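Residue numbers (my numbering): 133 to 285.
So the structure is just underneath, and the comments pick up after that.
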């Protein structure tokens, strides 16, 4: 198993920082793709009637940031073999709804890096990442946590 600086500095290592704008077209695409039934995701009037200042993004919208990141490089920086990596889980904790026009900046850090025995034998490496997505005011709008699992060779 590779030994990387990221493993040693777990908790303090910033993997990447990426920014993006919550765009109306992308919100509409996500709403359609996820079959969002709530009109606050597609209709400005419904969003305003619900007390929002703009159309709200769907709950998983920050995955758009993956298109702005160099996923292969960050996996290599962690010392993981990308062909053996799967996403174990992803969760989001919202401080407020994301709205069309928001500009978010996400700083992704390693919060845990552990090795354990797999149920079918061999070892697995589990890397837990956390991204704090802050808005233009510097307030955290959403926190994203994900666990990457590197299966044994």
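Where is the CB? At the ideal position from N, CA and C, for every residue including glycine.
The structure presented is a predicted model; accordingly, all values stated were derived computationally and were not measured.
Next item on the list: Can you grab the Cα-Cα spacing for the pair residue 144 / residue 254, in whole Å?
Entry: Walking along the chain shown from the start, residue 144 turns up at place 12. Walking along the chain shown from the start, residue 254 turns up at place 122. Between residue 144 and residue 254, the C-alpha separation is close to 28 Å.
Next item on the list: Please check the pair residue 201 and residue 148, which I expect to be a contact at CB under 8 Å, by giving their CB distance rounded to whole angstroms.
Entry: Along the chain shown, read from residue 1 onward, the residue named residue 201 stands at position 69. Along the chain shown, read from residue 1 onward, the residue named residue 148 stands at position 16. Right, the Cβ-Cβ distance comes to about 6 Å (below 8 Å), so this counts as a contact.
Check: Would the segment 218-229 and the segment 276-283 be scored as touching if the rule is three or more Cβ pairs under 8 Å?
Finding: yes
Notebook entry, point to check: Just the Cα atoms here: how many angstroms apart are residue 204 and residue 259?
Noted result: In the chain shown, counting from the first residue as 1, residue 204 sits at position 72. In the chain shown, counting from the first residue as 1, residue 259 sits at position 127. In a straight line, the C-alpha of residue 204 is about 15 Å away from that of residue 259.
Notebook entry, point to check: Out of curiosity, what's the CA-to-CA distance linking residue 248 and residue 212?
Noted result: Locating residue 248 in the chain shown gives position 116, where the first residue counts as 1. Locating residue 212 in the chain shown gives position 80, where the first residue counts as 1. Distance between the alpha carbons of residue 248 and residue 212: 15 Å.
Item checked: Rounded straight-line distance, which links the Cα of residue 186 to that of residue 271 -> Position 139 of the chain shown holds residue 271. Position 54 of the chain shown holds residue 186. Whole-angstrom Cα-Cα distance: 18 Å.
Notebook entry, point to check: With DSSP run on the structure shown, which of helix, strand or coil describes residue 257?
Noted result: For the purposes of this step, residue 257 is identified with residue 125 of the chain shown, where counting begins at 1. DSSP places residue 257 in strand when its eight states are reduced to three.
Next item on the list: Any chance you could list the alpha helix (DSSP H) runs of at least 4 consecutive residues sitting entirely within the segment 162-197, in chain order?
Entry: 176-181
Checklist line | Whether residue 195 touches residue 265 by CB criterion (7 Å) | finding: Counted from its first residue, the chain shown places residue 195 at position 63. Counted from its first residue, the chain shown places residue 265 at position 133. No.
Note to self: For a minimum of 3 consecutive residues, which ranges assigned as the beta strand (DSSP E) are wholly contained in the segment 206-263?
What the structure shows: 217-226 and 235-249
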